[in-house]
Every structure is written in structure tokens, then in C-alpha cells.
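Notes to accompany the following structure.
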């Protein structure tokens, strides 16, 4: 593994996400809820379009990654992403915003999927996967801090549409940087059995479903986003109608959430080898539910900020942990498609609550609906701990040699996730 190539991927990950985090949390949400006076139903339609388009884009991206490698997929997707980002400037109605958002999400999904598949292409040593994933996710976490804060500053001192210009420029910069990264291996040779893209897609999904450990990882990730799917519909309304704040606060709160993600991503390499397990994933899912309850359990903005930090820390640990487990246990030739399957399930999990959230919010309120969804994640994770233990016993826990448990220090890596 060459550090300069890891640096290029990490830098591309940061630049790509810093623009997109600003664009989504402040640009898209802000324009919908505050400029276009969106209702819960309007936001449900918006999130349905985003999730459906992302689902399709993620599925296609998995096949492309296994065929051509993550670098080519990421670089080309970033370039195609530019006009989609700029189109938001011309959205003057919810109908237009939803249509543009669908295109934006479809072309953006390969960027996310390719970023999540890079680790096994950057190192040949299984023991280094958690460190590489932690660094890549740490870069995304830094962008989660800076992106929403940048969006808040743009709204305060300029026009919301400038956020989408920034999103386009950061995508071009990411494409230019990642294009020069050299990978330690290319795509795995295809065995000739799957000659069509659809057949390859089905084959990758079949692998994810048939392998017990992979099935658990994918479904555990689905539970997280199934329980928090209502947040995409109700979170802007939570700040507007419950906390009684303005559009700028969306940026600052999500920046604090990003700081939590940064902290969680930095923790992964420091954890003992036993945590890199199905049991560790189950506990992380359970804690994510409790963290989100702290986040939205009160209208006190001070507690909201604290909850954002705590919940973000758990999510920051959970995301690279999930990817590390998939990278470790998936057959090399199917890594892209299994990651694509995980992303597809994530979007599917976000879709299901969209029809329920507006109705539930009308019955038990915005805050009550969000709390119920959060507790669902914790309950399911608790009930599946037995299956997680069985998977770990089956795999023998795959302990990492002590000398390979690397810690993150500024001298060892190009972009430190430590503040």
C-alpha cells in the first residue's frame, strides 16, 4: 500500500462529500422546507425520489466496480454529477426539486458505492482493512463537519444556490485527484459464467444472501436505515416546528453530528480485534438507536447538540465497521456487488418508512414518530445478538495479529481524523 495513493483516495472522499453534505442538509432540505414551504408529504415524496434513485444507482455501481474497479467508476461518476448538482439552482417548485434530486441521487450513488469499495484495492493485507476504512470514513466525517457548516455560512452571507456551485466544483476536484491513484490490484477476472450486467448483479446479490455472515451484515445495516428513514422526512420539520429554529441551524447541528462521526471513525483502529465482529456490529446498531433518542428526545437545542455528537460518534464507528466486515468476508471478485447490495438495502430501508412517517406524525407527532423509529433499531439489534454470536463462532472470530492493530497518528497517515 502506497501512502500517496491512500492520500489521494482520502482527499477525493473528503472533497466529494464536503460539497454533497452542504448540498443535501442545507441546500436541498433548506430549499424544500424553508424556501418552498414543504409539508411532511412533500418531504416524503422528495425522500422517496432520492432513495429510489440511489437504490438503482447503487445496484448498477456494484456491477461496474467489479468490472472496472472503483477508481474509474468514481472518477467518471464525479464528472457526470456536476450538471446534476448545478440543476438545483433552477428549481423553483417542489416538483422541479424532486425531479432534479432524483437525477442527482442516481448519479451520486456510484460515488458513494465506489468510495465504500476502495479499501481492498488499496491494501493486500486483510489486517489493514479496518485502518484503511477508518481513514476513508474519517475523511468523510471531516467533510460532514465542514460541509453543513459551510452551507450554513453560505446561507448567512450569500445565496443558497451557491451551495450547489460548491458541490459541482468539489466533485470535479475529487475526480482529478482520484484519477492518479494507483491500486494494488485490478478487478478480479470474470469466470465467464456471468456475461450480462443483470446476471452479474443477481450473482453478487445471491452471494450476499447465501453467505450467513454477509447476510447478517447487510441486514443489520438495513435495520439502521429502516428505523431512521422517517428522519429524512421529519428532521427538517423537527427543527422548524418543534425546536422552532431557522434554516441555518440545520447546518450547525449537522456539523456537530459530523464531528461525532469523525470521533467514531477515529476510534475503530483503536478497538480490540474482538469488536470487529458481528457482535460488535449488533451492539453498534443498538447504541445508534439510543443515541438518536438523545438527539431528538427534547426540544432543548443544547440537548439536541449533545445528542448529535453522541449519535454521530456511534454512526461514525458503525459505518467503517460494517464495510470492514464485508471487505474481510466477501469473495474478492464480488466486493463491489456486495457493497452495492448493502447500499441498495440501505436505500430500500429508507423507502419503507416514507409512506408511514407523514401519517404517524399526524397521529403521535413529529417527535414521537422519530423516537419510535429509533427504538425499533435498538430492539431488533438486541433480538439478533444470538445470531451475531453464532456467526462469530462460525468464523472463529478471525483475530487480528496484535502487531497489525494499527493506531492512527499524524505521522502514519495523510489526513488525520483527529481534531
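Numbering (my numbering), first residue to last: 428 to 846.
Glycine residues also receive a C-beta, built at the ideal position from the N, C-alpha and C atoms.
All values derive from a computational prediction rather than experimental measurement.
Residue i classed as buried or exposed, judged by whether at least 16 other C-beta atoms fall within 10 angstroms
i	result
residue 491	buried
residue 611	exposed
residue 681	buried
residue 520	exposed
residue 448	buried
residue 818	buried
residue 637	exposed
residue 609	exposed
residue 574	buried
residue 708	buried
residue 648	buried
residue 764	buried
Alpha carbon of residue i to alpha carbon of residue j, nearest angstrom
i	j	result
residue 431	residue 526	39 angstroms
residue 744	residue 821	24 angstroms
residue 775	residue 478	7 angstroms
residue 781	residue 542	27 angstroms
residue 538	residue 792	35 angstroms
residue 796	residue 688	24 angstroms
residue 594	residue 512	6 angstroms
residue 450	residue 692	22 angstroms
residue 433	residue 547	11 angstroms
residue 634	residue 734	37 angstroms
residue 787	residue 675	27 angstroms
residue 646	residue 460	31 angstroms
residue 458	residue 577	16 angstroms
residue 583	residue 515	19 angstroms
residue 441	residue 790	40 angstroms
residue 730	residue 684	13 angstroms
residue 568	residue 686	7 angstroms
residue 621	residue 481	The predicted model places residue 621 with a pLDDT of 47, which falls under 50 and marks its position as unreliable; any figure quoted below should be read in that light. Cα to Cα, the separation comes out at about 24 angstroms.
residue 736	residue 816	29 angstroms
residue 602	residue 500	10 angstroms
residue 794	residue 690	27 angstroms
residue 436	residue 563	7 angstroms
For residue i, the nearest candidate out of the options (CA to CA)
i	options	result
residue 665	718, 722, 685, 600	722
residue 652	689, 789, 551, 808	808
residue 531	459, 584, 476	476
residue 746	703, 720, 733, 731	703
residue 677	767, 455, 638	455
residue 663	814, 514, 468, 801	468
residue 604	498, 804, 750, 800	498
residue 534	563, 551, 502	502
residue 716	598, 748, 658	658
residue 540	443, 582, 576	443
residue 804	654, 637, 574, 445	654
residue 773	584, 437, 484, 580	484
residue 762	779, 778, 630, 705	630
residue 798	748, 760, 661	661
residue 588	806, 562, 453	453
residue 581	601, 562, 517, 679	679
*Do the stretch 667-687 and the stretch 717-735 meet, that is, are 3 or more Cβ pairs less than 8 angstroms apart?*
By the Cβ criterion, the stretch 667-687 is in contact with the stretch 717-735, since at least three pairs of Cβ atoms, one from each stretch, lie closer than 8 angstroms.
*asked:* Below 8 angstroms, how does it come out for the stretch 494-504 and the stretch 550-561: are there three or more Cβ pairs, yes or no?
replied: By the Cβ criterion, the stretch 494-504 is not in contact with the stretch 550-561, since fewer than three pairs of Cβ atoms, one from each stretch, lie closer than 8 angstroms.
*asked:* Does the structure place the stretch 516-525 close enough to the stretch 499-507 that three or more beta carbon pairs sit under 8 angstroms?
replied: No: fewer than three Cβ pairs fall under 8 angstroms.
*asked:* Any contact between the stretch 741-756 and the stretch 462-479? By contact I mean 3 or more CB pairs, one from each, below 8 angstroms.
replied: Touching, no.
*Kindly provide the ranges of any alpha helix (DSSP H) runs that are 4 or more residues long and lie completely inside the stretch 511-577, ordered along the chain.*
Runs found: 521-544, 546-549.
*Taking contact to mean at least 3 C-beta pairs separated by less than 8 angstroms, is the stretch 458-465 in contact with the stretch 630-650?*
No contact exists between the stretch 458-465 and the stretch 630-650.
*Are the stretch 558-572 and the stretch 689-703 in contact at 8 angstroms, needing three or more beta carbon pairs?*
Counting Cβ pairs under 8 angstroms, three or more are found: they touch.
*Would you mind listing the alpha helix (DSSP H) stretches within the stretch 700-740 that are 4+ residues and don't spill past its ends, in chain order?*
The stretch 700-740 contains these whole alpha helix (DSSP H) runs: 705-723.
_Does the contact criterion of 3 or more C-beta pairs under 8 angstroms hold for the stretch 707-714 versus the stretch 811-818?_
Look at the beta carbons and you see the stretch 707-714 touching the stretch 811-818: at least three pairs across the two are nearer than 8 angstroms.
*Which whole runs of the alpha helix (DSSP H) in the stretch 584-615 are 4 residues long or more, in chain order?*
Counting only runs of 4 or more, we get 589-605.
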